[in-house]
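Have a look at the structure below, then the notes.
Protein chains in written order, with this note's numbering: chain A, 777 to 1283; chain B, 55 to 548.
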């Protein structure tokens, strides 16, 4: 059907670009930057091409490319997208050039390696979202750890080494359980159907047709193994501590936060594997996971309010958002899941943009402490108004993107038989708290008296303006026309939600 | 008087062995005529010998034969392992070409001894008789005692040699005594004959007790060789003292040879007793994993850390050994494959890691402390990248060779119905990742503490590049290696 393997090109182009960057001369920064930016824009173009070929009216996977990789084991290089992964591919493709441009002038040393690692990371992320073979997925999933850990560890703040090690140790420990779950599912599938394969679609079909029947104990065990992996990666409270440290120590310009930490691989895995493969257990576990999610929302929001370091504040905000996403996923209905996916995208866009703003502020003041700032509105009106727009988007002001997804998630959780209003009400409180901490940050930084150090602070530079405008555009567009966001994923989400329907109804 | 009939000898079986032993003996003489300043030539000749022997194996693929009254066997299993040993030999010698003159210990015998060690390993892989296994074990051990103490200007090296000798003598004693008991119980030294006797269930209770006791002693003996807990105590000291390329050979070749013999012994002679040895080995595997990885966690000395980590990896290979014995079905076959694949992956990875250590060592000066690696990325980026790839492979992070090894071993153990040891193995793998990563962090995220190391010799570069590329190629394209090991059938199924 499709002649050009667009998805493969999207995956491997950045990896090749990363080699090209490494091969280019160290001194020629301009060439370096143009090569990496060019490559990331090309990847964006191919991702858009894939989106163009994608038919939103059809459920299931499209643009399938499949090559046997280790045939004797049933491992294949199978990649494709459905409505959910397509959005996440687009998000990654969109944020990669943004992150690269944001790094210009903020990375003092070893810029070449930095660009190479960002591109490598993008490749890994594209792979995670398109892989439809469990082992291939796992390989990409694990691979993203390496560049992220190095980006934090080499270019991060004072405690960067321990943050990088913590990041790696936490997520690697979680994902070995994921590997065990994958092996277990593979073997159980092979033993009962005689077909040894890691192909997600085949296994899903066997589960749905009943050729692979798991008893409740085995299914819960497998669900648990997958869940540990994704919950740590997501991260769901109480596994979130690596995340806040990583955000706090990541380079202060916010580049790594945007590309490395805010793209929600873990939550994606929960939808793709836990909910889709094990709907019965997901329905069984939903109340418990919902509790974790709600605790996460409230706890992280509260801690965020206490922070004096703006990056830490945003880090906790991001954990709080994740609670909401997980709540949406485990609502297990179409609204909940669609809202969760939309919130993954919105949260990455707005929080990512705010991380970049913090980076810009830190560059002007040499500090990220809230109390070092004040009255910036008067000095830098442009920066002030753009930040306000982004903050309001993140808070969920109607008419902006955050509102759309938050509302859908809350609606989904309220209507879900597994969760209900007992979960929704505290989550709403969390949304209110989000307004409290973000407006608190905004007021402290931009209102009041200007400290003398900031009196001469320059307003947005052209590069910064372009970045913020590019990021603010979808905030407004998705807010005003949410169908653009929900339309393409509708079929896929409905399909997943239908899988869980019989198990929710029986409650 | 009856005429003594010499049974016909199938020389195909002994081709590779003959080449290695023959060439080693010839080299010993050639070495006399090579001037001291050009000792390197002997190294090149030894490499050539190993390559010829490896090439001679290619037409032998598919042969399944035995000779010398069933004492020596050639099958896909031993051929695969022979290639692995020869690869290890080539890498060892390549790494030594630079290391020896730098340390001022270059002597032509060194290269010849490495070839003899290779011969010993091949005997262990091909031996189908307890006597041959013992012969191979002793040959390998004696050569390695000498090689371990080859860095004689350092006291630690001599000490390591002595230590290894003492422990090795014990291990040898265990094996001999075990063989005696096995012979007493079954009246045979041939592995298959023992297995058949066992299968007929004709043994009295007393004989069976002797058999199990003998088997236990043999396992202990090989347990020393592969550094399985609780017989691992020698490993850290010996690795630290030995010349670094020899430490690599010890951790890879000698370990692989030990496993080769252990696996053949367990599968051909003792397959019927799996119910008994599997739980015992499982417990030992867990102990090995725990001792190795926890030991490694506390080390600041990278060479010792690698020694402990190599103990830990023996634990994972034991998973495969246990699975290999599982009766019936796909589990046993996967077990054999997993052992081989793990050994292949581990060979490249560990040589890469030891190669980096070699590159860091100056004459007479050890550079094994963690702090010596600090900021290596800034001083020698390629060296740091090579080390990082090896560390990630040892930790089992995809896409490296080590990942496939772990994946294979875990799958095999799960298939064999040993799900619980996989869970423990996975947890320990997560802990182990921490100390491997600490090295990566040290290289990439710390400020340089020392001046740049000496520029590398071309041979060393080639050796390192070979090992690191091997890790990556196996990681990205594991199919050829998996296809290779899947052709290997061992034991009663064979």
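Beta carbons: idealized from backbone N, C-alpha and C, even for Gly.
With 16 other Cβ atoms within 10 Å as the buried cut-off, status of residue i
i	result
residue 536 of chain B	buried
residue 209 of chain B	exposed
residue 804 of chain A	exposed
residue 440 of chain B	buried
residue 547 of chain B	Below a pLDDT of 50, predicted positions are generally treated as unreliable, and residue 547 of chain B, at 47, falls in that range; the measurement from the model is reported next regardless. The residue is exposed, with fewer than 16 neighbouring Cβ atoms inside 10 Å.
residue 89 of chain B	exposed
residue 1245 of chain A	exposed
residue 987 of chain A	exposed
residue 74 of chain B	buried
residue 1280 of chain A	buried
residue 195 of chain B	buried
residue 454 of chain B	buried
residue 318 of chain B	buried
Rounded Cβ spacing between residue i and residue j (contact assumed at less than 8 Å)
i	j	result
residue 819 of chain A	residue 790 of chain A	5 Å
residue 1076 of chain A	residue 1112 of chain A	At roughly 20 Å, the Cβ-Cβ gap does not stay under 8 Å, so residue 1076 of chain A and residue 1112 of chain A are not in contact.
residue 214 of chain B	residue 296 of chain B	5 Å
residue 1030 of chain A	residue 1131 of chain A	4 Å
residue 139 of chain B	residue 175 of chain B	4 Å
residue 452 of chain B	residue 529 of chain B	7 Å
residue 1052 of chain A	residue 975 of chain A	Rounded, the Cβ-Cβ distance is 14 Å, inconsistent with contact.
residue 1162 of chain A	residue 1248 of chain A	6 Å
residue 193 of chain B	residue 228 of chain B	Contact doesn't hold; Cβ gap of about 17 Å is too wide.
Closer than 6 Å: residue i CB and nearest the ligand FAD heavy atom
i	result
residue 1240 of chain A	Judged by which ligands are present, the structure shown has none, so any question about the ligand FAD falls away.
C-beta contact flag for residue i and residue j at 7 Å
i	j	result
residue 1160 of chain A	residue 1226 of chain A	no
residue 1223 of chain A	residue 1089 of chain A	no
residue 422 of chain B	residue 356 of chain B	yes
residue 469 of chain B	residue 388 of chain B	yes
residue 1018 of chain A	residue 943 of chain A	yes
residue 845 of chain A	residue 856 of chain A	no
residue 149 of chain B	residue 412 of chain B	yes
residue 1124 of chain A	residue 1038 of chain A	yes
residue 858 of chain A	residue 1181 of chain A	no
residue 1185 of chain A	residue 1116 of chain A	yes
residue 292 of chain B	residue 218 of chain B	yes
residue 500 of chain B	residue 428 of chain B	yes
residue 1240 of chain A	residue 1086 of chain A	no
Closer than 7 Å to chain B by CB, residue i
i	result
residue 787 of chain A	no
residue 1008 of chain A	no
residue 937 of chain A	yes
residue 948 of chain A	yes
residue 994 of chain A	no
residue 944 of chain A	yes
residue 1079 of chain A	no
residue 815 of chain A	no
residue 1201 of chain A	no
residue 918 of chain A	yes
residue 904 of chain A	no
residue 971 of chain A	no
residue 848 of chain A	yes
Opening and closing residue of the alpha helix (DSSP H) in which residue i lies
i	result
residue 153 of chain B	130-157
residue 992 of chain A	992-1009
residue 936 of chain A	936-969
residue 1028 of chain A	From DSSP, residue 1028 of chain A is part of no alpha helix (DSSP H); its letter is neither H nor E.
residue 291 of chain B	288-295
Contact with chain A by residue i, beta-carbon distance below 7 Å
i	result
residue 445 of chain B	no
residue 540 of chain B	yes
residue 464 of chain B	yes
residue 170 of chain B	no
residue 373 of chain B	no
Limits of the unbroken beta strand (DSSP E) element including residue i
i	result
residue 853 of chain A	851-857
residue 840 of chain A	838-846
residue 119 of chain B	119-121
7 Å Cβ cut-off: residues of chain C touching residue i
i	result
residue 926 of chain A	The chain inventory of the structure shown lacks chain C, comprising the protein chains A and B.
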